[in-house]
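Engineer:
Numbering (full-length UniProt numbering), first residue to last: 1 to 540.
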């Protein structure tokens, strides 16, 4: 992406030390769609939304963390960790019932003096503002750093989300009245009309519950989309599906017919415990062969939502919620994330990670509970997951742009580490930064993998020996995907024995080794993730 301007932001850190943070940005506004891509109208190039969720929909009706750090510091953390977008959640009632309510009064009513004391220390002026004024200020600060905002209609009644019986789940639930919901969309769209930071608005988060049905979905989602677009034609309108925003397959039979110009975008969600298709149990990621579970999960995601990016009605799809326990101790989440990464980079989807925030003011009657899925830790100063930058580096990069004149080449990606394959001075391959310029060609499954810069072939010698590039493109230079997950790259040696690429556990070296669990055998529960590699297409 070509950026027109850059800006030096001078940040005062809480301990009074100073540091310079250079935020290179593109002032992309407005955004539109072109087939499956989101486009910056000012350049004609793709703008990839790389977002973090920042909750503001709970009872205090404030973006979280304003009692922990100054607002400017929090926004600087968004930029520092390479997000260009925030999915900012809000409650309907903030607009329709509490629009003029003062923040301090709400916090005193909720009896959370600890939060009041914290805001007095870090952002004292906010206490005398209305909730909407605080949202204005947060969005203004995000805009100053050129961080874009996807404004998310998360719930009606301010509270933690979600379960199927919380009366917030579907149209005409006790706390989800369509008329009030539509009014809130109109108020928010009008309020942020002309605000270049707010580039997208969602209709509703995670429709769910016993009342959900397709007929009401078509009716009310069309009304909501029209309400936003009529009031604010510049923003993208983000449409969610059924069953906690995991299901769109009904659109295969009856597409959504509404004229939003080039502003229609879909969103979907996925977590390790939610699953798609037949995957419903969290422990399935540890109780069944990982190649099978990963393959089934990706197939289900594609059938239920991913198909929206293809065909004559192709539209952008944002994975607007996914996440993992960033303390790193949940094996199911770790395996799920590594699998999902391969899908995100292959399709180069726009996405929003749950979550940016390190905790909450008040969640389900608990004051200052931690958010183990948060990018920031409980101090709101440090990364909760130390390897976050490495793990997400290729996901945060734009790999495809429809405006590019370049033909597709490949980045060879190792999802477990988040790193990319590069060639060292000894012509050995190893994993390293995805800033590498090394690109590969692979014409077909079973063909040679060739380094574009010198036309040498990726070649194996024998088990446990570093994999190299070579002028000798023989049988051991032909590679095919060899498992259900299509994440094992396998070759055959001179004796006809099959070996797979593998990153060594305690080094950056890549060797060939006996393939792990490539057959669909229910008794094979060994972990194959060090052998997972993906050829990721790029035209940039």
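All C-beta atoms in this analysis are idealised placements derived from N, C-alpha and C, irrespective of residue type, glycine included. On a predicted model such as this, the values are computed, not experimentally measured, just so you know.
Below 9 Å between beta carbons: does that hold for residue 159 and residue 152?
Structural biologist: no
Engineer: Going by the DSSP bridge assignment, what does residue 121 pair with across the sheet?
Structural biologist: Per DSSP, none; premise fails for residue 121.
Engineer: Specify the secondary structure class of residue 32 as computed by DSSP and reduced to three states.
Structural biologist: strand
Engineer: Give the secondary structure of residue 278 by DSSP, where H, G and I count as helix, E and B as strand, and everything else as coil.
Structural biologist: Because the pLDDT at residue 278 is just 45, under 50, the model does not fix this residue reliably, and the value given afterwards should be weighed accordingly. DSSP places residue 278 in coil when its eight states are reduced to three.
Engineer: Expressed to the nearest angstrom, what Euclidean distance is found between the alpha-carbon atoms of residue 538 and residue 37?
Structural biologist: 14 Å
Engineer: Can you tell me whether residue 156 sits near the ligand FMN, meaning its C-beta is under 8 Å from at least one heavy atom of the ligand?
Structural biologist: Absence of the ligand FMN is noted for the structure shown, with no ligands found whatsoever.
Engineer: So if DSSP puts residue 547 in a beta bridge, which residue, or which two residues, is it bridged to?
Structural biologist: No information on residue 547 is available, as it lies outside the stretch 1 to 540 that the chain covers here.
Engineer: DSSP on residue 370, reduced to helix/strand/coil?
Structural biologist: strand
Engineer: Excluding five sequence neighbours on each side, which residues of the same chain lie with their C-beta closer than 7 Å to the C-beta of residue 61?
Structural biologist: 91, 94, 98, 106, 131 and 158
Engineer: Going by the DSSP bridge assignment, what does residue 82 pair with across the sheet?
Structural biologist: Beta-bridge pairing by DSSP links residue 82 to no other residue.
Engineer: Which complete alpha helix (DSSP H) runs does the region 284-351 hold, if anything under 4 residues is left out?
Structural biologist: Taken in chain order, the complete alpha helix (DSSP H) segments of 4 residues or longer contained in the region 284-351 are 284-287, 290-304 and 331-347.
Engineer: Classify residue 347 as buried or exposed, calling it buried when 16 or more other Cβ atoms lie within 10 Å of its own Cβ.
Structural biologist: buried
Engineer: Do the region 403-412 and the region 431-441 meet, that is, are 3 or more Cβ pairs less than 8 Å apart?
Structural biologist: yes
Engineer: Terminal residues of the continuous beta strand (DSSP E) containing residue 388?
Structural biologist: Segment 388-392 is the alpha helix (DSSP H) holding residue 388; no beta strand (DSSP E) there.
Engineer: Would a C-beta distance cut-off of 9 Å place residue 197 and residue 140 closer than the cut-off?
Structural biologist: yes
Engineer: Inspect the beta-carbon positions of residue 148 and residue 319 and report whether they are closer than 9 Å.
Structural biologist: no
Engineer: In terms of DSSP beta bridges, what is residue 441 paired with?
Structural biologist: 450
Engineer: Spell out a yes or no on whether the region 162-181 and the region 216-223 are touching, meaning 3 or more CB-CB pairs, one atom from each, closer than 8 Å.
Structural biologist: Contact holds between the region 162-181 and the region 216-223, because three or more Cβ pairs, one in each stretch, are under 8 Å apart.
Engineer: Please report the straight-line C-alpha distance between residue 247 and residue 47, rounded to a whole angstrom.
Structural biologist: 26 Å
Engineer: May I ask which residues mark the beginning and end of the alpha helix (DSSP H) holding residue 135?
Structural biologist: 131-144
Engineer: List the DSSP bridge partners of residue 432.
Structural biologist: 420
Engineer: Among residues of its own chain, excluding the 5 on either side of residue 263, which ones have a beta-carbon nearer than 8 Å to its beta-carbon?
Structural biologist: 32, 33, 229, 233, 235, 236 and 237
Engineer: Since residue 148 sits in a beta bridge, which residues does DSSP pair it with?
Structural biologist: 85
Engineer: Please tell me whether residue 112 has its Cβ less than 9 Å away from any Cβ of chain B.
Structural biologist: Note that chain B does not occur in the displayed structure, where there is just one protein chain.
Engineer: Determine the direct distance from the alpha carbon of residue 313 to that of residue 254, and round the result to whole angstroms.
Structural biologist: 12 Å
Engineer: Determine, using beta carbons only, whether residue 265 and residue 317 come nearer to each other than 9 Å.
Structural biologist: yes
Engineer: Report the three-state DSSP secondary structure of residue 364 (helix, strand or coil).
Structural biologist: coil
Engineer: Smallest Cα separation from residue 453: which of 466, 192 and 471?
Structural biologist: 471
Engineer: Quick one: is residue 489 buried, meaning 16 or more other Cβ sit within 10 Å of its Cβ, or exposed?
Structural biologist: buried
Engineer: Determine the direct distance from the alpha carbon of residue 192 to that of residue 69, and round the result to whole angstroms.
Structural biologist: Cα to Cα, the separation comes out at about 26 Å.
Engineer: Check residue 198 in the structure and name its three-state DSSP category.
Structural biologist: strand
Engineer: Smallest Cα separation from residue 260: which of 223, 103 and 295?
Structural biologist: 223
Engineer: Residue range of the alpha helix (DSSP H) that residue 109 falls in?
Structural biologist: 103-109
Engineer: Look at the alpha carbon of residue 138 and the alpha carbon of residue 388, and state the distance between them as a whole number of angstroms.
Structural biologist: Residue 138 and residue 388: Cα-Cα distance of roughly 24 Å.
Engineer: Hey, residue 372 and residue 430: beta-carbon distance below 9 Å or not?
Structural biologist: Residue 430 sits away from residue 372, with the two beta carbons spaced by 9 Å or more.
Engineer: Does the beta-carbon of residue 399 have 16 or more other beta-carbons within 10 angstroms, so that it is buried, or is it exposed?
Structural biologist: buried
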